[in-house]
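First up is the structure itself, then whatever we jot down about it.
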Amino acid sequence: MDTSDTSDSPVSPARRSRAGGLLLLALLLITLAAAGVLGWRQWQALQAQERARSQQQRDALDARIDSLRQAQRAQSQRLQQAEATNRVLRDELLGLGQRAAAIEDSVSRLADADRHGALSLRLDQVELLLAIGQQRLQLDGDLDGARRALALAAPLLASVDDSAWLNLKQTLAQEQAALEALGADPRSTAESLLERLVADIPLEQGAITSANQSQATPWFARLLDRIVRVQPTASAGLRDHADRQAALAALQLEAALARAAIQRRDGAGLQQALTRIDGWLQRLLAGSPQLAQRQRLIAQLHAITLHPAAPLSGSTLAQLRAQRDG
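If you're matching positions, the sequence shown starts at 10 in our numbering and goes up one per residue.
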């Protein structure tokens, strides 16, 4: 018994030392793991800070690039505006140069003794008057305006003593004679005929009947008129006062359209209006001797040409320009 006890006593300290070593190793591993986790978290934090710093730098660079682009666009717009302004100034300068050259040319022509500055000015006035007369005749058919323009140009041209313009004076006289031969303005003639056409239309049917009966008729005809009423079929529906008044209003409306066509020198419009006026007159003046008179006026209006033919119009102006250019 004593021998066994003495043999177990040296083993227990060895076991305790081994357990302490294991515990120390475990503590060391835990410490290393904690240090590793802490170091990894610090590294992650450093990486996050680095990324944030890089992102801030990129944002700052993008903002600077955007501001540079805006500045570049503004600079481009200013350059374009400056270019447009320079182009306008260049065109104005060219225009001023051309006007200066034209003025210099005019002054040189006036100062030229061979061209006779006073004669040149007088011919300019004649050319202007001839151009005005031709334009009035071509644009509006204004015979009176063209005649007045030629009448103003004739004394100016007559005051030119140079024999080189003798043929031009003769041409102007021929053109004036041709315009005078055309007579009155067709528009004035048409207006007067139209006024006669639609004037004095009786408002009542009885006025037409009494006018017809005022002529000498046999006694048996007057007796039959008391028994039998004769009415033209063209005037059917216009016996009442209101119906005739409406028909007269329609006739006046067509007359207004005809006047407008005459003012515009619209021949086709005038012909159409006259056709409609003829239809209303046949109803309003049926059985009246005035109907034949009005229809003769309509025939005269149909035959009028609102645009006068002037074959010699512009001949003096063309000859003047050709002689001056030559």
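Don't be surprised by glycine CBs; every beta carbon is placed ideally from N, CA and C. Bear in mind the structure is a predicted one, so any value in this text is a computation, not a measurement.
Mind checking which residues open and close the alpha helix (DSSP H) that includes residue i?
i, result
"I286", "G276 to L293"
"L165", "L152 to A167"
"S297", "Element bounds for S297: n/a, residue is neither H nor E."
"L175", "L175 to A190"
"T198", "P195 to V207"
"S324", "S324 to D334"
Rounded to whole angstroms, what's the CA-CA distance from residue i to residue j? Just pull it up for me.
i, j, result
"L103", "L202", "58 Å"
"L283", "G192", "24 Å"
"A295", "D209", "15 Å"
"Q254", "L260", "10 Å"
"L139", "Q84", "57 Å"
"L88", "S324", "55 Å"
"L148", "Q81", "57 Å"
"G150", "W174", "28 Å"
"A109", "A93", "24 Å"
"L98", "I112", "21 Å"
"Q328", "E189", "20 Å"
"E263", "V135", "44 Å"
"L279", "L137", "34 Å"
"L159", "I271", "25 Å"
"A9", "Q183", "The question about residue 9 has no answer here: the residues shown for the chain are numbered 10 through 335."
"V207", "L326", "42 Å"
"H311", "R273", "16 Å"
"V169", "G154", "24 Å"
"D123", "I141", "Interpretation of D123 is limited by its pLDDT of 48, a score under 50 that renders its predicted location unreliable; the figure taken from the coordinates is listed afterwards. Looking at the two C-alpha atoms, the distance is approximately 29 Å."
"R157", "P298", "43 Å"
"L146", "P195", "13 Å"
"S322", "H316", "13 Å"
"A69", "L32", "55 Å"
"A167", "A187", "19 Å"
"L130", "Q144", "21 Å"
"Q56", "R50", "10 Å"
"L152", "V116", "37 Å"
"Q58", "R67", "14 Å"
"R268", "L300", "21 Å"
"A199", "D252", "29 Å"
"V41", "D71", "Residue 41 is actually Leu in this sequence, not Val. Each residue's Cα considered, the two are about 44 Å apart."
"Q332", "L132", "11 Å"
"L77", "A61", "24 Å"
"Q107", "D100", "10 Å"
I want to check one thing, is the minimum distance from the CB of residue i to the heavy atoms of the ligand SAM below 7 Å?
i, result
"Q254", "Here there are no bound small molecules, and the ligand SAM is not part of this structure."
**Message:** Any contact between the stretch 301 to 309 and the stretch 278 to 292? By contact I mean 3 or more CB pairs, one from each, below 8 Å.
**Reply:** yes
**Message:** If contact is defined by three or more beta carbon pairs under 8 Å, each pair taking one atom from either stretch, is the stretch 159 to 168 in contact with the stretch 178 to 185?
**Reply:** yes
**Item:** alpha helix (DSSP H) segments (min. 4 residues) lying fully within the stretch 36 to 63
**Value:** none
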